[in-house]
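S.K.: Once you've had a glance at the structure underneath, I'll fire off some questions.
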Amino acid sequence: MHGSWTSTAVDPAKSGPLPRVVYRVSLMTSLPSPSFGRVSHVYLLGSWSHKYPAANSLRSHKSHLVNISYHTLCNDNYFLAFPTPSFITRVAQIQVSFCNRLVSVLVLMFATNIGFFFPRGLEKKLIPEEYFAYKVRPYGSLLLIHLACILPASILSIIQFVPRLRTKYMSWHRYAGRLINILTMISSICGMAIGRVSFGGDLSIQTSILTLGAITLYSIIAGWRAARQHKIEEHKIWMIRAWAYQMAIVTMRVIIPITLIALQLRGGYYTSLSCDEVSNSLNNTDQFVREYPQCQPDWAGKPVEYVSVEAGFEEGLRLAAGMRATFGMAGWVSVWIHFVGTEYYISRTRRVVKAVVKSN
Numbered sequence: 006m007h008g009s010w011t012s013t014a015v016d017p018a019k020s021g022p023l024p025r026v027v028y029r030v031s032l033m034t035s036l037p038s039p040s041f042g043r044v045s046h047v048y049l050l051g052s053w054s055h056k057y058p059a060a061n062s063l064r065s066h067k068s069h070l071v072n073i074s075y076h077t078l079c080n081d082n083y084f085l086a087f088p089t090p091s092f093i094t095r096v097a098q099i100q101v102s103f104c105n106r107l108v109s110v111l112v113l114m115f116a117t118n119i120g121f122f123f124p125r126g127l128e129k130k131l132i133p134e135e136y137f138a139y140k141v142r143p144y145g146s147l148l149l150i151h152l153a154c155i156l157p158a159s160i161l162s163i164i165q166f167v168p169r170l171r172t173k174y175m176s177w178h179r180y181a182g183r184l185i186n187i188l189t190m191i192s193s194i195c196g197m198a199i200g201r202v203s204f205g206g207d208l209s210i211q212t213s214i215l216t217l218g219a220i221t222l223y224s225i226i227a228g229w230r231a232a233r234q235h236k237i238e239e240h241k242i243w244m245i246r247a248w249a250y251q252m253a254i255v256t257m258r259v260i261i262p263i264t265l266i267a268l269q270l271r272g273g274y275y276t277s278l279s280c281d282e283v284s285n286s287l288n289n290t291d292q293f294v295r296e297y298p299q300c301q302p303d304w305a306g307k308p309v310e311y312v313s314v315e316a317g318f319e320e321g322l323r324l325a326a327g328m329r330a331t332f333g334m335a336g337w338v339s340v341w342i343h344f345v346g347t348e349y350y351i352s353r354t355r356r357v358v359k360a361v362v363k364s365n
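Quick note: the sequence shown uses our numbering, first residue 6, plus one each step.
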């Protein structure tokens, strides 16, 4: 998207009428209010309207941009618009709402995972079936490294997304951002590594975790590169993507119980656990032999390696089966939701690159 505008930042409550804003575009594009972001799309009309029927969508946005007129300058690709105070207020409300929600989610993530770092934290926080997998090296250590990096990065990132603090403390934003990026990249790599054993590690789980880790890593690297090249708006967009993708893990926690309820209402669902995991979970030889005799050696001396367990909410094997049955699906659905939602948010708030500044 290419173009330029002229504007000055103005407080409409103090300065009276807003200044005239002149836009120049070289192709069909959506244009923002330059100093305050964008909520509503504004499309180029004039002599190009016959080429781009979508330009007619301007009619639905007159409540936010008023007194729109056309000005023939250089190939009819200029028009004039006055942004209204209600437009600016609406943008500010959306930005504050986004920051508040992000802060709440990140604080919740920190509070629910801090217990992993206390003595025997893995054993206490993980269900027995998952702890059985993480006892095998190096998966337990990778999980702790993953959490040790992502939790402080999450807390530090809160400050990065507060516009007032970001503007006032630029040095802090720059150096904290480097630390956050390093921690997030380490966390993503470790997260992808433990996908092999997470909740059984079937293919849907592994691929969803790898995809989430890969798009997060790419977004962090692209955002960091944009910052180094002083492409601030591009840097902001990539950082929004990176942290929005990471919030998919929270959405998964909402999808999983809803899916389990739906499965039980439809007659139940079964998944497989290894006999070793079942034995470790029950921790009772008599119960293990009685309830899962197929795990015992038969006349040929070869017991089966996996048994079918019904998914459910009950603590123990049924909960482990429920998590395995739904985790991969929830991962893919949440990745899709956050990918689409993030691109929609960015498309509604993206700014055209500023090129020329002159005020009327």
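No residue lacks a Cβ here, since even glycine has one placed at the ideal position from N, Cα and C.
Remember, it's a predicted structure, so these values are computed and weren't measured experimentally.
(1) The alpha helix (DSSP H) that contains Ser277, what's its start and end?
(2) So, with DSSP's three-state summary, where would you put Val71?
(3) For Leu188, which residues in the same chain have their Cβ closer than 6 Å to its Cβ, ignoring the five residues on either side in sequence?
(4) Could you tell me whether the region 228 to 242 touches the region 196 to 210, where touching means 3 or more Cβ pairs closer than 8 Å?
(5) Considering only residues of the same chain and omitting the five flanking positions on each side of Ile164, which have a CB-CB separation below 6 Å?
(6) Can you check which of these residues, Ser313, Leu268, Ile225, is closest to Ala249 by C-alpha distance?
(7) Looking at the structure shown, is Gly346 part of a helix, part of a strand, or coil, going by DSSP?
(8) Label Lys173 either buried or exposed according to how many other C-beta atoms from any shown protein chain fall within 10 Å of its C-beta, with 16 as the threshold for buried.
(9) From the DSSP secondary-structure annotation, give me the bridge partner or partners of Glu315.
(10) Pick out whichever of Gly145, Ile261, Ile220 has its Cα sitting closest to the Cα of Met334.
(11) To the nearest angstrom, how far is it from the Cα of Tyr180 to the Cα of Arg323?
(12) For Cys79, which residues of its own chain have a beta-carbon under 6 Å away from its beta-carbon, when the five flanking residues on both sides are left out?
(13) Answer with buried or exposed for Val47, where buried requires no fewer than 16 other C-beta atoms within 10 angstroms of its C-beta.
(14) Out of Ile199, Met190, Phe166, which has the shortest C-alpha to C-alpha gap to Val141?
(15) Run through DSSP, which three-state label would Gln234 get?
(16) Give every residue of the same chain whose Cβ lies closer than 7 Å to the Cβ of Thr256, excluding the five residues on either side of it in the sequence, and list them in chain order.
(17) Just checking my contact of Leu265 with Ala316 at CB under 8 Å: how many whole Å lie between their CB atoms?
(18) For Asn288 versus Phe137, is the C-beta spacing smaller than 7 Å?
(19) Beta-carbon within less than 7 Å of Met190's beta-carbon, same chain only, minus the 5 sequence neighbours each way: which residues are those?
(20) Whole angstroms are fine: how far does the CA of His178 sit from the CA of Leu217?
(21) Quick test of your reading: Val283 and Val312, contact by CB under 8 Å. State the CB separation rounded to the nearest angstrom.
(22) Would you tell me roughly how many angstroms separate the C-alpha atoms of Phe166 and Gln299, rounded to the nearest one?
(23) Taking the alpha-carbon positions, what's the Gln251 to Ile210 distance?
(24) Can you give the beta carbon distance from Trp337 to Ser193, rounded, assuming they're within the 8 Å contact cut?
(25) Going by C-alpha distance, which of Gly327, Ala253, Gly321, Gly196 is nearest Tyr144?
(26) Within the continuous alpha helix (DSSP H) that includes Ile199, where are the two ends?
(27) Could you tell me the alpha carbon to alpha carbon distance between Val27 and Ile254, rounded to whole angstroms?
(28) Given a threshold of 16 other Cβ atoms within 10 Å of its Cβ, counted over all protein chains shown, does Gly273 qualify as buried or as exposed?
(29) Rounded to whole angstroms, what's the CA-CA distance from Glu238 to His151? Just pull it up for me.
M.R.: Taking the geometry as given:
(1) Position 272 of the sequence shown, counted from the first residue, corresponds to residue 277. Here Ser277 belongs to no alpha helix (DSSP H); instead the beta strand (DSSP E) covers 275 to 279.
(2) Residue numbering aside, residue 71 sits at position 66 when the sequence shown is read from its first letter. With a pLDDT of only 33 at Val71, under the threshold of 50, the placement of this residue in the model should not be trusted, and no figure is reported.
(3) Mapped onto the sequence shown, residue 188 falls at position 183. Excluding the 5 residues flanking it on each side, Leu188 has same chain C-beta neighbours closer than 6 Å at Cys154, Ala158, in chain order.
(4) Result no; under three Cβ-Cβ pairs closer than 8 Å.
(5) Taking the first residue of the sequence shown as 1, we reach residue 164 at position 159. Close CB contacts of Ile164 within its chain, under the 6 Å cut and outside five residues either way in sequence, are with Leu170 (chain order).
(6) The count along the sequence shown starts at 1 and reaches residue 249 at position 244. Relative to the Cα of Ala249, the nearest Cα in the group Ser313, Leu268, Ile225 belongs to Ile225.
(7) Mapped onto the sequence shown, residue 346 falls at position 341. Gly346 carries a helical assignment under DSSP once its states are collapsed to helix, strand and coil.
(8) One-based indexing of the sequence shown puts residue 173 at position 168. Label assigned to Lys173: exposed.
(9) Reading the sequence shown from its first residue, position 310 is the one you call residue 315. For Glu315, which the question treats as bridged, DSSP gives the partners Tyr275.
(10) Here residue 334 refers to the residue found at position 329 of the sequence shown. When only C-alpha atoms are compared, the closest one is Ile261.
(11) Counted from its first residue, the sequence shown places residue 180 at position 175. Counted from its first residue, the sequence shown places residue 323 at position 318. For Tyr180 and Arg323, the distance between alpha carbons rounds to 46 Å.
(12) Position 74 of the sequence shown, counted from the start, is the residue given in the question as residue 79. The pLDDT assigned to Cys79 is 31, lower than 50, so where the model puts this residue is not dependable, and the model offers no usable value.
(13) Along the sequence shown, read from residue 1 onward, the residue named residue 47 stands at position 42. At Val47, the pLDDT of 36 sits below 50, so the modelled position is not reliable; the number obtained from the coordinates is stated separately. Per the 10 Å Cβ criterion, buried.
(14) For the purposes of this step, residue 141 is taken as the residue at position 136 of the sequence shown. Here the closest residue by C-alpha is Ile199.
(15) Here residue 234 refers to the residue found at position 229 when the sequence shown is read from its first residue. Residue state, collapsed to three classes: coil.
(16) As a working note, residue 256 is residue 251 in the sequence shown. The answer, listed in chain order, is Ser339, Ile342, His343.
(17) The count along the sequence shown starts at 1 and reaches residue 265 at position 260. The count along the sequence shown starts at 1 and reaches residue 316 at position 311. Leu265 to Ala316, Cβ: 6 Å. Contact.
(18) By 1-based counting over the sequence shown, the position of residue 288 is 283. By 1-based counting over the sequence shown, the position of residue 137 is 132. By the CB criterion at 7 Å, Asn288 and Phe137 fall outside the cutoff.
(19) Along the sequence shown, one-based indexing puts residue 190 at 185. The residues are Leu222, Ile225.
(20) In the sequence shown, counting from the first residue as 1, residue 217 sits at position 212. In the sequence shown, counting from the first residue as 1, residue 178 sits at position 173. If you draw a straight line from the Cα of Leu217 to the Cα of His178, it comes to about 25 Å.
(21) As a first step, residue 283 must be located in the sequence shown, where it is residue number 278. As a first step, residue 312 must be located in the sequence shown, where it is residue number 307. About 6 Å; that satisfies the 8 Å criterion.
(22) Stepping through the sequence shown from its first residue, residue 166 is reached at position 161. Stepping through the sequence shown from its first residue, residue 299 is reached at position 294. Taking C-alpha positions only, Phe166 is separated from Gln299 by approximately 55 Å.
(23) Taking the sequence shown and counting its residues from 1, the one referred to as residue 251 is at position 246. Taking the sequence shown and counting its residues from 1, the one referred to as residue 210 is at position 205. When only Cα atoms are considered, Gln251 and Ile210 end up about 16 Å apart.
(24) Taking the sequence shown and counting its residues from 1, one reaches residue 337 at position 332. Taking the sequence shown and counting its residues from 1, one reaches residue 193 at position 188. About 17 Å; that fails the 8 Å criterion.
(25) For the purposes of this step, residue 144 is taken as the residue at position 139 of the sequence shown. The candidate whose alpha carbon is nearest that of Tyr144 is Gly196.
(26) The residue given as residue 199 occupies position 194 in the sequence shown. Per DSSP, Ile199 belongs to no alpha helix (DSSP H) and is neither H nor E.
(27) The count along the sequence shown starts at 1 and reaches residue 27 at position 22. The count along the sequence shown starts at 1 and reaches residue 254 at position 249. Here the model assigns Val27 a pLDDT of 36, short of 50, so the residue's position is not dependable, and the following value carries that caveat. Pairing Val27 with Ile254, the inter-Cα distance amounts to about 43 Å.
(28) The sequence position of residue 273 within the sequence shown is 268, counting from 1. It is exposed - the Cβ of Gly273 has fewer than 16 other Cβ atoms within 10 Å.
(29) Mapped onto the sequence shown, residue 238 falls at position 233. Mapped onto the sequence shown, residue 151 falls at position 146. Cα to Cα, Glu238 sits roughly 29 Å from His151.
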